[in-house]
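Peer 1: The opening position of the sequence shown corresponds to residue 1 in full-length UniProt numbering, with each subsequent residue numbered one higher.
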Amino acid sequence: MLTVLGFTIVMLSSSFVFYHYYWGPKVTYAKWTRKTNPKFPSPAKVRDEIVQTAKGIYTATLCPAAAIYLSQQSTLSKTLGTLSKAYCSENPFTDEEHGGTKGVIIQFLLIVIISDFWEWGYHRLGHIYPFFWAQHKHHHVFFNPSPFAVIADEYVDQFFRALPLFLFPAICPINMDVMFFTYGVFFYVYGIYLHWGYEFDFLDAHNPIINTSYHHYLHHAKAILGKPYHTGFFFKCWDQMTGAVYPVEKCFCVKCERAKGKRTLAQFKAVDIPDYSVLLTLDFWTGKGAFSGTTAGDTNEALTEEQKFFASKGAVKTD
Numbered sequence: 001m002l003t004v005l006g007f008t009i010v011m012l013s014s015s016f017v018f019y020h021y022y023w024g025p026k027v028t029y030a031k032w033t034r035k036t037n038p039k040f041p042s043p044a045k046v047r048d049e050i051v052q053t054a055k056g057i058y059t060a061t062l063c064p065a066a067a068i069y070l071s072q073q074s075t076l077s078k079t080l081g082t083l084s085k086a087y088c089s090e091n092p093f094t095d096e097e098h099g100g101t102k103g104v105i106i107q108f109l110l111i112v113i114i115s116d117f118w119e120w121g122y123h124r125l126g127h128i129y130p131f132f133w134a135q136h137k138h139h140h141v142f143f144n145p146s147p148f149a150v151i152a153d154e155y156v157d158q159f160f161r162a163l164p165l166f167l168f169p170a171i172c173p174i175n176m177d178v179m180f181f182t183y184g185v186f187f188y189v190y191g192i193y194l195h196w197g198y199e200f201d202f203l204d205a206h207n208p209i210i211n212t213s214y215h216h217y218l219h220h221a222k223a224i225l226g227k228p229y230h231t232g233f234f235f236k237c238w239d240q241m242t243g244a245v246y247p248v249e250k251c252f253c254v255k256c257e258r259a260k261g262k263r264t265l266a267q268f269k270a271v272d273i274p275d276y277s278v279l280l281t282l283d284f285w286t287g288k289g290a291f292s293g294t295t296a297g298d299t300n301e302a303l304t305e306e307q308k309f310f311a312s313k314g315a316v317k318t319d
């Protein structure tokens, strides 16, 4: 049930943003001037994102489902102790036993900060150690991501990302409604923004605190094994402390690109905007290998360079 609900919410929210910023007539010059990568992903690449997302959702829902299940097993609890401290309330804001509104705010802030550190730490491992990169590299196939790429991960990668949904309730009492809101709404909406492919004028990429969609696009396009650029999710501080920040002098955010004259009307007219309506046809989803998650021919230049490097050294390739 959690998997079906999660898939429905993810598809609806990602589809809404995708339609308004990628779908044919909806793409305007004014919008495009704020697109980090001036090019658009192929329909096949978007299909691959959706297939990978389905895998990610299936895995991500295992952890909260296990936390809720264990919290309700009184027989096991009597034998082994409380295995999960997960709980639900009819109204978390009036649940005075657990702190009411104050308790909700405290839980939300703690979940955000600790989860952000966890995401950064695990994500960084994926760009430092070959074993973890082998799990994570599938996400970097989407070097020019769309809103469908938020959790387009392989099973092991997404399991570790979702593990706090099990660990939090195992350690301390957690209202699962607050947890679900934080992960399913707050984090996912922010994840859509990070994979949006466009940038806000009011949230400058040069701000010192928050990771923007530019930083995450940069991460998808430039970060490989040994180059853990911007592995943080929400806060920049983790990457700043470890020196994993892309050189400012090489910045290619839309603000800097427009200043260089790289978002002109003539350039926009030369851009190929794919016909994404094929995503709504049955034939597109029933073709050979459609559900393999690797149907698109466009590749990440950074990954290609990595493969050349390993080949030149006579080392094992990373894929």
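For glycine and all other residues, C-beta sits at the position ideal for the given N, C-alpha and C.
Going by Cα to Cα distance, which pick from TYR276, GLY287 and HIS215 is closest to VAL27?
Peer 2: Comparing Cα-Cα distances from VAL27 to each of TYR276, GLY287 and HIS215, the minimum goes to TYR276.
Peer 1: DSSP has ALA214 in a bridge; who is on the other side?
Peer 2: Sequence inspection shows Tyr at residue 214; the Ala mentioned does not correspond to that position. In the DSSP output, where bridge partners are listed per residue, TYR214 has none listed.
Peer 1: Would you call ARG258 buried or exposed, if buried means 16 or more other Cβ atoms sit within 10 Å of its Cβ?
Peer 2: It counts as exposed.
Peer 1: Beta-carbon within less than 7 Å of TYR190's beta-carbon, same chain only, minus the 5 sequence neighbours each way: which residues are those?
Peer 2: PHE234, listed in sequence order.
Peer 1: Run the CB neighbour count on ASP153, radius 10 Å, all protein chains shown included, and call it buried at 16 or more, exposed below.
Peer 2: Its Cβ being crowded by 16 or more others within 10 Å, ASP153 is buried.
Peer 1: So, with DSSP's three-state summary, where would you put ILE224?
Peer 2: Looking at ILE224 - three-state DSSP - the assignment turns out to be coil, as it is neither helix nor strand.
Peer 1: Using DSSP bridges, identify the partner residues of PHE235.
Peer 2: BP columns for PHE235 point to ILE210.
Peer 1: By Cβ distance below 7 Å, which residues in the same chain neighbour LEU218 in space, the five residues on each side in sequence not counted?
Peer 2: Within the same chain, LEU218 has close Cβ partners TYR229, HIS230 and TYR246.
Peer 1: Near THR75, what residues of its chain come up, given a Cβ to Cβ distance below 7 Å and the 5 sequence neighbours on each side ignored?
Peer 2: With a pLDDT of 47 at THR75, under the threshold of 50, the predicted position of this residue should be treated as unreliable, and no value is reported.
Peer 1: Where does LYS35 sit, in a helix, a strand or coil, going by DSSP?
Peer 2: Reduced to three states, the DSSP call for LYS35 is strand.
Peer 1: Ordered along the chain, which non-local residues of its own chain (more than five positions away) have a Cβ less than 6 Å from that of ASP319?
Peer 2: Summary for ASP319: the model assigns pLDDT 36, below 50, so the residue's position carries little reliability; its value from the coordinates is reported in the next sentence. Excluding sequence neighbours, ASP319 sits near nothing in its chain.
Peer 1: Give every residue of the same chain whose Cβ lies closer than 8 Å to the Cβ of LEU32, excluding the five residues on either side of it in the sequence, and list them in chain order.
Peer 2: A quick correction: the sequence has Trp, not Leu, at residue 32. Cβ neighbours of TRP32 beyond the five flanking positions: PRO38, ARG263, PHE268 and VAL271.
Peer 1: By the DSSP assignment, the alpha helix (DSSP H) with GLY126 in it spans what residues?
Peer 2: Careful: GLY126 lies outside any alpha helix (DSSP H) and carries neither H nor E.
Peer 1: With the cut-off set at 8 Å, would you say ILE57 and GLY6 are in Cβ contact?
Peer 2: Result yes, Cβ atoms of ILE57 and GLY6 sit closer than 8 Å.
Peer 1: Report the CB separation of GLY287 from TRP120 in whole angstroms; it is logged as a contact under 8 Å.
Peer 2: That belief does not hold up - the Cβ atoms of GLY287 and TRP120 are roughly 38 Å apart, past 8 Å.
Peer 1: Evaluate THR212 with the Cβ neighbour count: other Cβ atoms within 10 Å of its Cβ, from every protein chain shown; 16 or more gives buried, anything less gives exposed.
Peer 2: Buried: at least 16 other Cβ atoms inside 10 Å.
Peer 1: Ends of the alpha helix (DSSP H) at PHE268?
Peer 2: Per DSSP, PHE268 belongs to the alpha helix (DSSP H) from 265–269.
Peer 1: Could you give the distance in angstroms between the alpha-carbon of LEU167 and the alpha-carbon of PHE181?
Peer 2: Cα to Cα, the separation comes out at about 17 Å.
Peer 1: Which same chain residues, not among the five before or five after SER115, have their C-beta less than 7 Å away from its C-beta?
Peer 2: Result list for SER115: PRO164, in chain order.
Peer 1: If you drop the 5 nearest sequence neighbours on each side, which residues of the same chain put their C-beta closer than 7 Å to that of residue 323?
Peer 2: Absent from the model: residue 323. The displayed extent of the chain is 1 to 319, so no value can be given.
Peer 1: Does THR59 pass the burial test, meaning 16 or more other C-beta atoms within 10 Å, or should it be called exposed?
Peer 2: The residue is buried, with at least 16 neighbouring Cβ atoms inside 10 Å.
Peer 1: Tell me, to the nearest whole angstrom, how far the beta carbon of TYR198 is from that of VAL10; I am working on the premise that it is less than 8 Å.
Peer 2: Not quite, the Cβ-Cβ distance comes to about 19 Å (not below 8 Å), so this is no contact.
Peer 1: Going straight from the alpha carbon of ILE105 to that of VAL185, what length do you get?
Peer 2: Cα-Cα distance, rounded: 15 Å.
Peer 1: Determine the contact status of VAL141 and HIS195, defining contact as a CB-CB distance below 8 Å.
Peer 2: No, the Cβ-Cβ distance between VAL141 and HIS195 is not below 8 Å.
Peer 1: I'd like the list of long-range same chain contacts for SER13, defined as Cβ closer than 6 Å, with 5 residues on each side in sequence excluded.
Peer 2: Closer than 6 Å at the Cβ level, and outside the excluded window around SER13, lies no residue.
Peer 1: Excluding five sequence neighbours on each side, which residues of the same chain lie with their C-beta closer than 7 Å to the C-beta of TYR19?
Peer 2: Cβ within range, chain order: LYS26.
Peer 1: Between ARG47 and ALA223, which are expected to be in contact by the criterion C-beta below 8 Å, what is the C-beta distance as a whole number of angstroms?
Peer 2: Their Cβ separation, rounded to whole angstroms, is 24 Å, which puts ARG47 and ALA223 out of contact at 8 Å.
Peer 1: Nearest to TRP238 by CA position, among HIS220, TYR214, PRO208 and PHE252, is which residue?
Peer 2: Looking at the Cα atoms, PRO208 is the closest of the given residues.
Peer 1: Around the Cβ of LEU70, are there at least 16 other Cβ atoms within 10 angstroms (buried) or fewer (exposed)?
Peer 2: LEU70 comes out buried.
Peer 1: If distances are taken between C-alpha atoms only, which option among LYS102, MET179 and LYS137 comes closest to ILE111?
Peer 2: Nearest C-alpha to ILE111: MET179.
Peer 1: Identify, in the order they occur along the chain, each residue of the same chain with its Cβ nearer than 7 Å to the Cβ of TYR122, setting aside the five sequence neighbours on each side.
Peer 2: Answer for TYR122: PHE160 and ARG161, listed in chain order.
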